[in-house]
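Have a look at the structure below before the remarks.
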Amino acid sequence: MTHIPVLTKEVLEYLDPKPNENMIDATIGEAGHALLLLEKTKPDGRVLGIDLDAKQIEHAKIQTGNFSKRVVLVNDSYANIKEIVQKNNVKPIFGILLDLGYSSWQIEQSTKGFSFKKDEILDMRYDLQDSLTAQKIVNEYPEREIIKILQEYGQERFAKQIAGKITEQRNIKRIQTTFQLKEIIEHAVPKKFQYGRIHCVTKSFQALRIAVNRELDNLASALPSVISVLSPGGRLVVISFHSLEDRMVKHFFKNKEKEGVIKILTPKPISAGQQEILENPRSRSAKLRAIIKNEKIEV
Ligand SMILES: C[S@@+](CC[C@H](N)C(=O)[O-])C[C@H]1O[C@@H](n2cnc3c(N)ncnc32)[C@H](O)[C@@H]1O
């Protein structure tokens with residue numbers, strides 16, 4: 003396992019798990035955070051772990067083996083959290099963690115084509131039951147749709163040029179691998195912008211991953227359900243790695259606070275400190291926001 007959980011101290015501070023409380027790790031991944039929650043909720047608190055990627059559920063099962071009696075693992079989307087909680091009868095819930103995006107294992111070892119540093123089949127699905135793959139988008143979507151994906155989810159300034167090159171090249175040969183796509187993007191981006199602070203391919207790969215897994219749609223549809231399954235006095239922590247996600251979480255929390263449903267615990271998002279960024283560069287773009295659900299709804 004390769005994933006180092008981010009902002010662990012802050013997750014524990016804001017979720018504040020106590021003995022015997024039930025928690026949900028809605029993106030359990032390799033269970034780094036979940037193990038900390040299991041320690042803090044001893045002896046009888048249960049942790050419901052959800053992940054869209056069946057392999058991650060296997061990893062979480064191995065990692066949490068010592069706590070198996072207190073762990074329930076479900077291979078599903080957190081967008082279905084309401085149904086999952088009902089079905090598995092884990093109540094009341096005092097804390098929920100959403101640690102969004104992908105894990106290091108997925109990018110480095112899943113062989114699903116998340117990274118342009120390895121020559122793999124362009125897939126990028128967390129959920130292999132889903133029919134939408136990155137290959138399908140680049141080979142079958144209209145050019146204007148590809149431009150939209152690159153602009154919206156990647157904030158890629160050369161979206162038009164890249165989408166143009168993709169549609170030109172796919173007519174010659176189907177784009178099947180990460181290296182094929184990487185080369186196409188490199189040819190589309192003007193030479194002087196190819197060697198910036200981040201690799202010129204990074205944003206397009208990110209945008210495709212978000213589109214394939216409908217990451218923003220899932221988050222938008224999940225947030226109200228997440229609040230609804232939380233017990234009064236329960237806490238929610240969301241860690242995001244993308245400005246669009248963070249903005250969505252921020253506005254959702256503000257509206258819910260206005261409605262008197264929650265209280266925001268983090269007026270400004272919490273970021274990793276210098277030491278954590280040094281030890282785990284992935285934490286650089288992490289933003290943590292937390293709320294507590296009001297005991298009595300004031301509307
Ligand atoms: C950043 S990782 C979580 C890492 C975890 N906190 C740990 O400490 O190991 C994000 C996880 O969310 C999962 N994921 C992405 N979208 C999801 C969704 N809609 N529902 C459930 N899990 C999802 C990914 O498969 C990945 O395993």
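First residue of the sequence shown: 3, per this note's numbering; consecutive thereafter.
Don't be surprised by glycine CBs; every beta carbon is placed ideally from N, CA and C.
Exercise for review: To the nearest angstrom, report how far apart I59 and L183 are at their CA atoms.
Suggested key: 30 angstroms
Practice item. Run through the region 102-137 for me and flag every whole alpha helix (DSSP H) of 4 or more residues, listed as ranges in chain order. Key: 106-111
Practice item. Decide yes or no for the touch test of the region 131-147 against the region 193-203: beta carbon pairs closer than 8 angstroms, at least 3 of them. Key: no
Point to revise | Inside the region 207-251 only - beta strand (DSSP E) runs reaching at least 3 residues | key: 232-242
Check your understanding: On the three-pair Cβ rule with 8 angstroms, is the region 42-60 touching the region 270-287?
Key -> no
Review point. Can you find a heavy atom of ligand 1 that lies under 7 angstroms from the Cβ of A33?
Key: yes
Check your understanding: How should P21 be labelled, buried or exposed, when 16 other C-beta atoms within 10 angstroms of its C-beta is the threshold for buried?
Key -> exposed
Review point. Is DSSP giving T169 helix, strand or coil here?
Key: helix
Check your understanding: Is the closest heavy atom of ligand 1 to the C-beta of T29 under 7 angstroms?
Key -> yes
Check your understanding: How many Å lie between Q108 and R172 at the Cα?
Key -> 27 angstroms
Exercise for review: Give me the Cα-Cα distance between L17 and I293, rounded to the nearest whole angstrom.
Suggested key: 9 angstroms
Point to revise | F118 to E23 span [Cα, whole Å] | key: 42 angstroms
Check your understanding: Any heavy atom of ligand 1 within a distance shorter than 7 angstroms of the CB on I174?
Key -> no
Check your understanding: Would you say L134 touches ligand 1, meaning its beta carbon is less than 7 angstroms from a heavy atom?
Key -> no
Practice item. Could you work out which residue in T204, E297, Q131 is closest to F181 when comparing CA atoms only? Key: T204
Exercise for review: Check each candidate in T29, S106, V76, V92 and name the one with the smallest Cα separation from I6.
Suggested key: S106
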